[in-house]
Amino acid sequence: MTFARHCVEAIASARFSIGTVLKSWVFTVFWVIGISIWINAFDGVISSTEIQIATWIARALSVVMVGSNLLMTFVWLFRRG
1 MTFARHCVEA IASARFSIGT VLKSWVFTVF WVIGISIWIN AFDGVISSTE IQIATWIARA
61 LSVVMVGSNL LMTFVWLFRR G
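Here it is in structure tokens:
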């Protein structure tokens, strides 16, 4: 069994409570707001390669977090009970 298939089956068989889903969304919202403030604070001030790489990594993590929260929300909606 491939790793991707194992992950999909694990997520599909999971049962999330509404509390878990909401806590995850709250954390993600604070993460995205914090990263946005951080990016805006350093944008144009420090133009080093390290800051640019860290910014892209932070943006990528934000996208992954939102995507995983959407997946978890859909699993919760369709598999309640």
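Position 20 of the sequence shown, counting from 1, maps to 20 under UniProt numbering, and the rest follow consecutively. For each residue, glycine too, the CB sits at the ideal point set by N, CA and C.
Which of helix, strand or coil DSSP assigns to residue i
i     : result
Arg59 : helix
Ser68 : helix
Thr2  : coil
Ser36 : helix
Ser24 : helix
Sub-8 Å separation of residue i and residue j beta-carbons
i           : j     : result
Ile33       : Thr55 : no
residue 89  : Met65 : Shown here, the chain extends from 1 to 81; a query on residue 89 therefore has no answer.
Trp31       : Ser62 : yes
residue 104 : Asn69 : Outside the displayed span of the chain (1 to 81) sits residue 104, for which this structure offers no information.
Ile53       : Phe42 : no
Expected contact under 8 Å - CB spacing of residue i and residue j to nearest Å
i     : j     : result
Ile35 : Ala58 : 5 Å
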